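Under my numbering, the first residue of the sequence shown is numbered 37, with each subsequent residue one higher. Positions of the beta carbon are idealized from the N, C-alpha and C atoms, including for glycine. Quick caveat, the model's predicted, so the values are computed rather than measured.
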Amino acid sequence: MITFQTPLTGYPDLEAKIAYGLARIGTEAIGLEKVVIKNCGGYYQVRIDIDDSDFQLLENTFDLLCRRLLSDEHIPSMTPGITGRSARRIKTTEKDAFPLKEYLGCEYAFSNKKTENVCKHSGSSLGNVMGFAASTAYYNKRNGIDIVSIPQDTRNRNSPKLLRRPTNPRNICKTCGLLSLLGSWYSTFMFSMVDKQVIGIPIPNREVSGDVLGQVFAYHHLFRKEWFGNPIPEKAIPLVILARIPSTAYFLKDFDLLVIVFSGGGNRGYHADAMSITPIKNYVDFIDASSFNIATIERLINTGSYELLRILNELVFYGRKELLGRFARIYVSQDNTKSSNYRTLLYVQTAYYFLREVAMINPEIIENPAIGSLSRTLRYFVMNKKYGYADDIRNARKESRDFEDTIAKMLREGRLRLEQNEKIHLPSENEIKEIFRLAYDRFEEVKTALTILAFSFPSGIEQN
Ligand SMILES: [Zn+2]
């Protein structure tokens, strides 16, 4: 058994990428199921189930991968965070040799000098910590975003100010640089968003091996060519990534997603506009629950509804149930379809998910036939763009009589329309009594269920 250790640089992104790089070498040498990545909190161990005497095989594999993938500028220049100049410098040459012995332990001296490589290895260095850390100003300002601005024309103090794009970062040894590049290439999601680039790195929270590792390696390429024409809110990026590759969902459950948004590029250097680490579990639960949930996200992306995407993120990630009514209302009313026969409503499966998992409403209420019956009447008005009743019910307060009054008013109008031969369903007397009885004890639950169901497509059971 050979156990590698990442070099404790203090950068979560860099450590993970080096771990993936080492794991990829093990995978190429002897197969996925013999490789384990373990998150040790701040650094990683990569265990490779191979005889100690076969160490040379791993070094040879690394050498082969470097020759095959990293001997030209293609991969470095495709990787956000690496400037054009660095991309030209980082490629490997015939003369280079990259020992892996330094990753077997952590027995090197720390000189704590500025000139020291951040990985503390003594090998030849690169002036670019593979993007995310130093070249994006995170090295000097790890706990925030660098917002220092400098004049566009450095000789004219009054010229417009631009955000600083630091291009003189700290050093890293070339071996770590290449391992990190391999890791980026095989295990990160990268895509473009207007003039920015986004990179997402799955950070394992437990031991990762075999199939799960294989999935991480397999899915990254799906994302490399994606381009979004609108700026997706940064917080919703994990949701969008997972929706685009839903089959990743189940195996990424125990991962966090580190997301970095870059602006700039080319020779100018990059600037990290945002960086966040988010646990993925809540997103996976949402996406795994129903394919209609994915369709909901897709619709918001395709129609450029980024404000709704932001609210959806608040619902799914933080469980902010007070936003649920607002979400459904905007989702439905922003649809401009002229026809009164068709209206974009929430998928009922998604509505059920929200009611159950976000609003935490008891299934007895959600599936109650009386509630279903009254929400059907309410839906008739929603379909006709008459949102007043739904809004009044949504905003009704328990201590007032708004709830009862609105329902009475709606039923009066419903009866009138029925007399005019319109196709409208009306609840029975008993159903209305049942609803008032339920609302007496569980007011919030009842009014939420009523309105959300009214904003949703009818479930298959209802006959119109
Ligand atoms: Zn190093």
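In chain order, which continuous runs of the alpha helix (DSSP H) of length 4 or greater are located wholly inside the segment 402-470?
405-419, 424-431 and 438-455, all fully within the segment 402-470.
Quick check on the contact list: which residues have their beta carbon closer than 5 Å to a heavy atom of ligand 1?
Selection output, chain order preserved: C155, H157, C209 and C212.
Specify whether the segment 352-371 and the segment 465-475 touch according to this definition: at least 3 beta carbon pairs, one from each stretch, less than 8 Å apart.
No, the segment 352-371 is not in contact with the segment 465-475.
Here's the rule I'm using: 16 or more other beta-carbon atoms within 10 Å means buried, otherwise exposed. How should P399 be labelled?
Position 363 of the sequence shown, counted from the start, is the residue given in the question as residue 399. With fewer than 16 Cβ atoms within 10 Å of its Cβ, P399 is classed as exposed.
Tell me whether K137 is buried or exposed, calling it buried when 16 or more other Cβ atoms sit within 10 Å of its Cβ.
In the sequence shown, residue 137 corresponds to position 101, counting from 1. Its Cβ having fewer than 16 others within 10 Å, K137 is exposed.
Considering only C-alpha positions, which residue in the set L215, L447 and I273 is nearest to P43?
Within the sequence shown, numbered from 1, the residue matching residue 43 stands at position 7. Taking only the C-alpha atoms, the option nearest P43 is L215.
What's the C-alpha gap between F134 and E69?
What you label residue 134 is simply residue 98 of the sequence shown in a count that begins at 1. What you label residue 69 is simply residue 33 of the sequence shown in a count that begins at 1. Using only the alpha carbons, I get a separation of about 25 Å.
Just to confirm, are L293 and G236 a CB contact at a threshold of 7 Å?
Counting from 1 along the sequence shown, the entry for residue 293 is found at position 257. Counting from 1 along the sequence shown, the entry for residue 236 is found at position 200. Yes, they are a contact pair.
List the whole-angstrom C-beta distance separating F328 from L360, where the pair is believed to meet the contact cut-off of C-beta under 8 Å.
Taking the first residue of the sequence shown as 1, we reach residue 328 at position 292. Taking the first residue of the sequence shown as 1, we reach residue 360 at position 324. No, F328 and L360 are not in contact; Cβ-Cβ is about 16 Å, not under 8 Å.
Around the Cβ of Y388, are there at least 16 other Cβ atoms within 10 angstroms (buried) or fewer (exposed)?
For this step, residue 388 is matched to residue 352 along the sequence shown. It counts as buried.
Rounded to whole angstroms, what is the Cα-Cα separation between T380 and S492?
Along the sequence shown, one-based indexing puts residue 380 at 344. Along the sequence shown, one-based indexing puts residue 492 at 456. About 8 Å.
Extract the residue ranges of the beta strand (DSSP E) inside the segment 277-322, only unbroken runs of 3 or more that lie entirely within it.
Fully enclosed beta strand (DSSP E) runs of 3 or longer: 291-300 and 306-315.
Taking V384 as the reference, give the member of V82, E130, P494 and Y222 with the closest Cα.
Translated into positions along the sequence shown, residue 384 becomes position 348. Selected option, being the one with the closest Cα: P494.
Quick one: measure Cβ to Cβ for L503 and A65, integer angstroms, because I've assumed they're closer than 8 Å.
No information on residue 503 is available, as it lies outside the stretch 37 to 500 that the chain covers here.
Could you please give me the residues that DSSP links to F40 through a beta bridge?
The residue given as residue 40 occupies position 4 in the sequence shown. Partner(s): V82.
Could you give the first and the last residue of the continuous alpha helix (DSSP H) run that contains M114?
Numbered from 1 along the sequence shown, position 78 holds the residue referred to as residue 114. Where M114 is concerned, the enclosing alpha helix (DSSP H) stretches over H110 to M114.
Buried or exposed for L278, going by 16 or more other Cβ atoms inside 10 Å?
Within the sequence shown, numbered from 1, the residue matching residue 278 stands at position 242. So L278 counts as buried.
Taking DSSP as the reference, what is the three-state secondary structure of K156?
By one-based count along the sequence shown, residue 156 stands at place 120. K156 falls in the coil class under three-state DSSP.
Evaluate contact between the segment 314-328 and the segment 396-410, counting only Cβ atoms and requiring at least three cross-stretch pairs below 8 Å.
They do not touch, by the three-pair rule.
Return helix, strand or coil for A65, following the three-state DSSP convention.
As a position in the sequence shown, residue 65 is number 29, starting the count at 1. Here A65 sits in helix by DSSP.
Report buried or exposed for Q251, applying the criterion of at least 16 other Cβ atoms within 10 angstroms of its Cβ.
Residue 251 sits at position 215 when you count from the first residue of the sequence shown. Classification of Q251: buried, given that the 10 Å Cβ count is 16 or more.
My guess is that A444 and D438 are in contact by the Cβ rule of under 8 Å, so how many angstroms apart are they, rounded?
Residue mapping note: residue 444 aligns to position 408 of the sequence shown, counting from 1. Residue mapping note: residue 438 aligns to position 402 of the sequence shown, counting from 1. No, A444 and D438 are not in contact; Cβ-Cβ is about 11 Å, not under 8 Å.
Return the chain-ordered list of same chain residues with a C-beta closer than 7 Å to the C-beta of F98, the five sequence neighbours on each side being excluded.
For the purposes of this step, residue 98 is taken as the residue at position 62 of the sequence shown. Within the same chain, F98 has close Cβ partners I61, F134 and L136.
Nearest by alpha-carbon distance to S341: which of A285, S245, A426 and F264 is it?
In the sequence shown, the residue the question calls residue 341 occupies position 305. Closest by alpha carbon: F264.
Please state whether the Cβ-Cβ distance between L344 and L336 is less than 7 Å.
To locate residue 344, count along the sequence shown from 1; it is residue 308. To locate residue 336, count along the sequence shown from 1; it is residue 300. Cβ atoms of L344 and L336: closer than 7 Å.
Could you check which residue in V71, P405 and I118 has the C-alpha nearest to that of N466?
Translated into positions along the sequence shown, residue 466 becomes position 430. Cα-wise, what sits closest to N466 is P405.
Taking its Cβ as the centre, do 16 or more other Cβ atoms sit within 10 Å of T314, making it buried, or is it exposed?
The count along the sequence shown starts at 1 and reaches residue 314 at position 278. Answer is buried; the Cβ neighbour count reaches 16.
From F417 to Y306, what does the alpha carbon distance come to, in whole angstroms?
Position 381 of the sequence shown holds residue 417. Position 270 of the sequence shown holds residue 306. About 52 Å.
Taking just the CA atoms, how far does L348 sit from V154?
Here residue 154 refers to the residue found at position 118 of the sequence shown. Here residue 348 refers to the residue found at position 312 of the sequence shown. Their backbone Cα atoms lie some 39 Å apart in a straight line.
So the alpha helix (DSSP H) Q370 belongs to, where does it begin and stop?
The count along the sequence shown starts at 1 and reaches residue 370 at position 334. Note, Q370: premise wrong, no alpha helix (DSSP H); not H, not E.
Over the uninterrupted alpha helix (DSSP H) stretch that includes S228, give me the two end residues.
Taking the sequence shown and counting its residues from 1, the one referred to as residue 228 is at position 192. S228 -> not in any alpha helix (DSSP H); beta strand (DSSP E) instead, spanning F225 to M229.
Do S411 and P463 have their beta-carbon atoms positioned less than 7 Å apart in this structure?
Position 427 of the sequence shown holds residue 463. Position 375 of the sequence shown holds residue 411. It is not a contact, given that the beta carbons lie outside the stated cut-off.
For W263, list the residues DSSP reports as bridge partners.
For this step, residue 263 is matched to residue 227 along the sequence shown. Partner(s): S228.
In the DSSP assignment, what are the bridge partners of S161?
The residue labelled residue 161 in the question sits at position 125 within the sequence shown. Paired residues: C209.
Return the CA-CA distance between T332 and L382, expressed in angstroms with no decimal places.
Within the sequence shown, numbered from 1, the residue matching residue 332 stands at position 296. Within the sequence shown, numbered from 1, the residue matching residue 382 stands at position 346. Going from the Cα of T332 to the Cα of L382 covers about 8 Å.
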